[in-house]
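One structure is given below, encoded as structure tokens.
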Amino acid sequence: SRAYLVCPMNTSPYVDPNKPSQEIWEEFSMSFTPAVREVVEFAKKIPGFRDLSEHDQVSLLKAGTFEVLMVRFASLFNMAEQTVTFLSGKQYSLGTLRSLGAGELLNSMCEFSEKLAALRLNQDEMSLFTAVVLVSADHSGIQNLNSVEALQDKLIWALRNLVMQNHGDESATTFTKLLLKLPELRSLNNMHSEELLSFKVHP
Amino acid sequence: YNDPASNLGLEDIIRKALMGNLEERPD
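Chains as they are written, first to last, in my numbering: chain A, 1 to 203; chain B, 1001 to 1027.
Right, here's the structure in full:
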């Protein structure tokens, strides 16, 4: 069993070694459930999302929740201070988290957060980008691909228009950089999934 | 296939949150 659960959606990376794994997992679940519910509430407000079949809504949310959370909580990773803030509000230094076993995933998340912040998106742009991220999540479980792709195209077009209005000479570069964030998020999602799979629960 | 989303109970949380909206709809 592992002694640490290094995820900022937890209250702390430290786990009581005397607690049964099931209890640790349930507490972790209680910690991140509100954030997942917020992602669902956000998804419901994306124009056109509720018109997709329930199966496809669930598929996109299952595939894209981590990616949306990564974007929404990017500011928890503070590169200037070299810290990560957990849900309890307590900050842990990157050095501490690395000593607890956090490796490539933490480094990649930090790099992603820093580059996203550098794009200086306003609130509307960030919201639209987050919608694009969700609808662009892995489509392998989707039944009605045409509907999802039509919604994806519509949202990407809207994001392009918004960025073109706001970023002057850097508009095209900013938009391209945003689109390149999608495969980066997919890669982070895959790394995160591997971490989850390696975390075994023994009831 | 071991699905991380199911491991976490993610699908259950997602379904409940989606269904919540249906319950709030007036008849």
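Ideal Cβ positions, reconstructed from N, Cα and C, are used throughout, including at glycine.
In this text the structure is predicted, and so the values were computed from the model without any measurement.
key: Residue span of the beta strand (DSSP E) that contains residue 165 of chain A, given as start and end   = It is not in any beta strand (DSSP E) - residue 165 of chain A instead sits in the alpha helix (DSSP H) that spans 145-166.
task = Tell me whether residue 85 of chain A sits in a helix, a strand or coil according to DSSP, three-state version.
result = Looking at residue 85 of chain A - three-state DSSP - the assignment turns out to be strand.
task = Output the distance between the C-alpha atoms of residue 180 of chain A and residue 114 of chain A, rounded to the nearest integer angstrom.
result = Each residue's alpha carbon lies about 14 angstroms from the other.
query = For chain B, is any of its Cβ atoms less than 7 angstroms away from the one on residue 188 of chain A?
reply = Judged by the 7 angstroms Cβ criterion, residue 188 of chain A is not in contact with chain B.
message = Between residue 134 of chain A and residue 35 of chain A, how many whole angstroms is the CB-CB distance? I'm expecting something under 8 angstroms.
response = The Cβ separation is near 14 angstroms, so there is no contact.
inquiry  = Please state the DSSP three-state secondary structure of residue 127 of chain A.
reply    = Residue 127 of chain A: helix per DSSP, three-state reduction.
Cβ shell of residue 65 of chain A (< 7 angstroms), same chain only, five flanking positions each side left out = If we look at residue 65 of chain A and ignore the five residues flanking it on each side, its Cβ neighbours are 36 and 39.
message = Short of 7 angstroms in beta carbon distance, which residues of its chain neighbour residue 72 of chain A, apart from the five on each side in sequence? Order them along the chain.
response = Closer than 7 angstroms at Cβ, skipping near neighbours: 130.
message = Assess contact between the stretch 155-163 of chain A and the stretch 73-91 of chain A, defined as three or more Cβ pairs (one per stretch) separated by less than 8 angstroms. Is contact present?
response = Contact between the stretch 155-163 of chain A and the stretch 73-91 of chain A is absent, because fewer than three Cβ pairs lie under 8 angstroms.
request  = Look at the Cβ atom of residue 16 of chain A, then the Cβ atom of residue 142 of chain A, and state whether they are nearer than 7 angstroms.
outcome  = Cβ atoms of residue 16 of chain A and residue 142 of chain A: not closer than 7 angstroms.
message = Comparing C-alpha positions only, which one of A/61, A/74, A/96 and A/63 sits nearest to residue 13 of chain A?
response = Residue A/96 is the option with its Cα nearest to residue 13 of chain A.
message = Going by beta-carbon coordinates alone, are residue 137 of chain A and residue 188 of chain A separated by less than 7 angstroms?
response = No, these two residues do not count as a Cβ contact at 7 angstroms.
ask   = Under the criterion of a Cβ to heavy atom distance below 6 angstroms, does residue 23 of chain A qualify as lining the ligand COA?
value = Absent from the structure shown: the ligand COA. Ligands present: none.
key: Nearest-angstrom beta carbon gap, residue 94 of chain A and residue 85 of chain A [assumed within contact, 8 angstroms]   = The beta-carbon separation of residue 85 of chain A and residue 94 of chain A, rounded to 12 angstroms, does not stay under the 8 angstroms limit for a contact.
query = What is the DSSP secondary structure of residue 112 of chain A, counted as helix, strand or coil?
reply = It is helical.
ask   = For residue 107 of chain A, is the classification buried or exposed, using 16 other Cβ atoms within 10 angstroms of its Cβ as the cut-off for buried?
value = By the 10 Å Cβ count, residue 107 of chain A comes out exposed.
Beta carbon of residue 33 of chain A nearer than 7 angstroms to that of residue 1014 of chain B = Cβ atoms of residue 33 of chain A and residue 1014 of chain B: not closer than 7 angstroms.
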